[in-house]
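Number of protein chains: 2
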Amino acid sequence: MLEAPLYKEVKQSLTRGLAGGEWRPGEALPSESALALRFKVSIGTVRKAVDELVAERAVVRQQGRGTFVSSHDAKRLLFHFFHIVPRTGERSYPETRTLAFRRDRATADEATALAVPAGDPVWRIRNLLLLDEAPALVDDIVLARARFPDLTERIFTQRENTIYNLYQSRYGLSVLRSSERLRASLAGAEIARLLVVKRGAPLLEINRIARTYHDAPVELRRSLVNTERYDYLSDLGKSEVSQLT
Amino acid sequence: MLEAPLYKEVKQSLTRGLAGGEWRPGEALPSESALALRFKVSIGTVRKAVDELVAERAVVRQQGRGTFVSSHDAKRLLFHFFHIVPRTGERSYPETRTLAFRRDRATADEATALAVPAGDPVWRIRNLLLLDEAPALVDDIVLARARFPDLTERIFTQRENTIYNLYQSRYGLSVLRSSERLRASLAGAEIARLLVVKRGAPLLEINRIARTYHDAPVELRRSLVNTERYDYLSDLGKSEVSQLT
DNA sequence: AAGTGGTCTAGACCACCAT
DNA sequence: TGGTGGTCTAGACCACTTA
Chain A
1 MLEAPLYKEV KQSLTRGLAG GEWRPGEALP SESALALRFK VSIGTVRKAV DELVAERAVV
61 RQQGRGTFVS SHDAKRLLFH FFHIVPRTGE RSYPETRTLA FRRDRATADE ATALAVPAGD
121 PVWRIRNLLL LDEAPALVDD IVLARARFPD LTERIFTQRE NTIYNLYQSR YGLSVLRSSE
181 RLRASLAGAE IARLLVVKRG APLLEINRIA RTYHDAPVEL RRSLVNTERY DYLSDLGKSE
241 VSQLT
Chain B
246 MLEAPLYKEV KQSLTRGLAG GEWRPGEALP SESALALRFK VSIGTVRKAV DELVAERAVV
306 RQQGRGTFVS SHDAKRLLFH FFHIVPRTGE RSYPETRTLA FRRDRATADE ATALAVPAGD
366 PVWRIRNLLL LDEAPALVDD IVLARARFPD LTERIFTQRE NTIYNLYQSR YGLSVLRSSE
426 RLRASLAGAE IARLLVVKRG APLLEINRIA RTYHDAPVEL RRSLVNTERY DYLSDLGKSE
486 VSQLT
């Protein structure tokens, strides 16, 4: 491992440009031939680097048009990061109602997960999500205030688009992947009221860490889901294979 | 879409060979140059076809040795198909105890999922899985008897290796991917007894369809998991990205 | 030393999109 | 019509494994 392959270096350069905002979401990268000139490599090597960025969903190729920085349109987010689907029937978009928005300090675990010093300031946000016009999830979000310094409840709730779109457009943080740990739990009094279920009803608990380029953490989120009419869909392979079939 | 790209045709040919048993699990495929000759394409085209098979985990490349048909060794299975991990600490291998093994008929839903006619004969198998020597999951498995005609409880329980390894070595059915739907449920009397939890304890319910080449279904499985000390880990992206980093 | 996969190049041609 | 990504080729050289 004395030296990384050329295409890995090209990929690193491109990733730095993406993370640093040289090319913004929705914008086109230089053409592959232009990149080949710029990095002084062959076009095949550029293609291999871009291939991997496409696999990681950092960029999107469009034949005849160019290669574009992934942007967080609603459909893309629904598909990649929202895994709650009706037991039968089509996926639907959740509607979000913000119930709480306050300042706090990170617990030790949260600080570790967010890669900030213990006790660092955070935002705590609670959202109620409705599916098909009925309460289905309660989301508790934790954000490092260092990464979202000027966030306000107004900015958060008055956004035109999705939450991840806000992170991306206002703070330059594009969520690329998330890892989730799931378990079963029981509804307490408050959550039961919000989700309109009985106390002690079974809920699916999802603990998510959302990450951007270089695996840097962006957001912590705990979701409590009423799975009476919805499932959590985990179709590993399909997403990888979809474009390969 | 008049004509598929050459490398897709090569990939299809290879997949047919794999599904048909021309190359058995653990065996080496012909070298890439040999395949290039055989299909009368350039070596780069063969590589692109094999690249996709690698991404789908149907084969594994080993530099200097060759390309091998994926075989279901325990470590691989643990990593790709067993998503239950300790809340903290290292993954451990589950120990399986078969509690029931009987003949039955498929329900309408099962028949659809298994792609067999409604009412077709099936095997029903119940296993108790222990993690760190304590009961943690109950698995209810449904198999089409048409695909496992000569299976017996003895063969099933006396196998030397994992269940998926048995499917592969004895029936030529390599499980390549699975899709799972998760929800939260409550322990009934019988399950509570098996998992040594209280009635009404929260359990994670996992409904899985395991598939082989061409997405043909192999196995239906419902798992009920005690998530007091274990989580279901869904790290989309990591598996895709792991080899790319 | 021989054989395998892994990287890299240079160029041709095609399919698609914008204008 | 010109520019973009997508496919395909032919060949060189490297890194690794096995004997």
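Chains as they are written, first to last, in our numbering: chain A, 1 to 245; chain B, 246 to 490.
By construction, the Cβ of each residue, glycine as well, lies at the ideal position given by its N, Cα and C atoms.
Note down, in chain order, every chain B residue with its Cβ under 7 Å from the Cβ of residue 231 of chain A.
Contact annotation for residue 231 of chain A against chain B: 426, 427, 428 [CB-CB distance below 7 Å, chain order].
Contact list for residue 26 of chain A against chain B, beta-carbon separation under 8 Å
Chain order gives no chain B residues near residue 26 of chain A, where near means a beta carbon separation below 8 Å; the closest approach is about 21 Å.
Candidates B/273, B/271, B/292: closest to residue 253 of chain B by CA position
Among B/273, B/271, B/292, the Cα nearest to that of residue 253 of chain B is on B/292.
Cβ separation of residue 431 of chain B and residue 448 of chain B, assumed to be a contact under 8 Å, to the nearest whole Å
With a Cβ gap of about 7 Å, residue 431 of chain B and residue 448 of chain B count as contacting.
Work out the CA separation of residue 123 of chain A and residue 141 of chain A for me, nearest whole Å.
If you draw a straight line from the Cα of residue 141 of chain A to the Cα of residue 123 of chain A, it comes to about 8 Å.
Could you check the C-alpha separation between residue 261 of chain B and residue 173 of chain A for me, to the nearest Å?
Each residue's CA atom was taken as its position, placing residue 261 of chain B and residue 173 of chain A some 43 Å apart.
Which ranges does the alpha helix (DSSP H) cover as unbroken runs of at least 4 residues, wholly within the region 174-211 of chain A, from first to last along the chain?
Correct list: 189-195.
Between residue 239 of chain A and residue 452 of chain B, what straight-line distance do the alpha-carbon atoms span, to the nearest angstrom?
Confidence at residue 239 of chain A is low in this model, with a pLDDT of 41, below 50, so the placement of that residue is unreliable and no value is reported for it.
Using the three-state DSSP reduction, which class does residue 369 of chain B fall into: helix, strand or coil?
Strand, per DSSP.
Three-state secondary structure (DSSP) of residue 349 of chain B:
Residue 349 of chain B falls in the strand class under three-state DSSP.
Would residue 413 of chain B and residue 317 of chain B be called neighbours here (beta carbons separated by less than 8 Å)?
Yes; because the gap between Cβ atoms is below 8 Å, this pair is in contact.
Residues of chain B with CB closer than 9 Å to the CB of residue 31 of chain A, please, in chain order.
Under the 9 Å cutoff, chain B gives no residues; its nearest Cβ is about 21 Å from residue 31 of chain A.
Backbone secondary structure at residue 76 of chain A - three-state DSSP:
Here residue 76 of chain A carries a helix assignment [DSSP, helix/strand/coil].
State yes or no: is the beta carbon of residue 1 of chain A nearer than 8 Å to at least one beta carbon in chain B?
The predicted model places residue 1 of chain A with a pLDDT of 38, which falls under 50 and marks its position as unreliable; any figure quoted below should be read in that light. With its beta carbon at least 8 Å from every one in chain B, residue 1 of chain A lies outside the interface.
Which runs of the beta strand (DSSP E) spanning at least 3 residues fall entirely within the region 20-100 of chain A, listed in chain order?
Listed in chain order, the complete beta strand (DSSP E) runs (minimum 3 residues) inside the region 20-100 of chain A are 59-62, 66-69, 84-86.
Where does residue 363 of chain B sit, in a helix, a strand or coil, going by DSSP?
Residue 363 of chain B falls in the coil class under three-state DSSP.
Can you grab the Cα-Cα spacing for the pair residue 92 of chain A / residue 181 of chain A, in whole Å?
The alpha-carbon separation between residue 92 of chain A and residue 181 of chain A amounts to approximately 23 Å.
Could you please give the first and the last residue of the uninterrupted beta strand (DSSP E) stretch that includes residue 382 of chain B?
Per DSSP, the unbroken beta strand (DSSP E) holding residue 382 of chain B starts and ends at 379-389.
Look at residue 94 of chain A and residue 129 of chain A and say whether their C-beta atoms are less than 8 Å apart.
If you check the CB distance, residue 94 of chain A and residue 129 of chain A come in under 8 Å.
Taking 8 Å as the CB-CB limit, is residue 447 of chain B close to chain A?
Under the Cβ distance rule, residue 447 of chain B counts among the residues neighbouring chain A, one pair being separated by less than 8 Å.
Rounded C-alpha distance that separates residue 14 of chain A from residue 62 of chain A
C-alpha separation (whole angstroms): 18 Å.
Classify residue 464 of chain B as helix, strand or coil using the three-state DSSP reduction.
Residue state, collapsed to three classes: strand.
Environment of residue 242 of chain A [buried if 16+ CB atoms lie within 10 Å]
Residue confidence is low: residue 242 of chain A scores 36 on pLDDT, short of 50, so the model does not pin down where it sits. No coordinate-derived value is stated.
Three or more beta-carbon pairs under 8 Å between the region 281-296 of chain B and the region 400-416 of chain B, yes or no?
Verdict: no, contact absent.
Buried or exposed: where does residue 406 of chain B fall if 16 or more other Cβ atoms within 10 Å of its Cβ makes it buried?
Exposed, by the Cβ-count rule.
May I have the straight-line CA-CA distance separating residue 56 of chain A from residue 267 of chain B, to the nearest angstrom?
Going by C-alpha positions, residue 56 of chain A is about 33 Å away from residue 267 of chain B.
I'd like to know if residue 431 of chain B contacts chain A, where contact means its C-beta is closer than 8 Å to some C-beta of that chain.
Answer yes: the Cβ-Cβ gap between residue 431 of chain B and chain A drops below 8 Å somewhere.
Cut-off 6 Å between Cβ atoms - residues of its own chain near residue 127 of chain A, not counting five sequence neighbours on either side
Contacts found: 96, 98, 139.
Range covered by the alpha helix (DSSP H) that runs through residue 171 of chain A:
Unbroken alpha helix (DSSP H) run through residue 171 of chain A: 163-171.
Of the residues A/80, A/4, A/20, A/133, which one's Cα is nearest the Cα of residue 195 of chain A?
Among A/80, A/4, A/20, A/133, the Cα nearest to that of residue 195 of chain A belongs to A/133.
Applying a beta-carbon distance threshold of less than 7 Å, which residues of chain B neighbour residue 329 of chain A?
Chain A is shown only over 1 to 245; residue 329 of chain A falls outside these bounds and no answer can be derived.
Going by C-alpha distance, which of B/358, B/321, B/428, B/365 is nearest residue 461 of chain B?
Measuring C-alpha to C-alpha distances from residue 461 of chain B to each of B/358, B/321, B/428, B/365 identifies B/358 as the nearest.
In the region 125-139 of chain A, which residues sit with their C-beta less than 7 Å from some C-beta in chain B, listed in chain order?
When CB distances to chain B are screened at a threshold of 7 Å, not a single residue of the region 125-139 of chain A falls below it.
Where DSSP assigns a beta bridge to residue 395 of chain B, which residues make up the other side?
Bridge partners of residue 395 of chain B: none, in fact.
Does the beta carbon of residue 234 of chain A come closer than 8 Å to any beta carbon on chain B?
So yes, residue 234 of chain A belongs to the interface.
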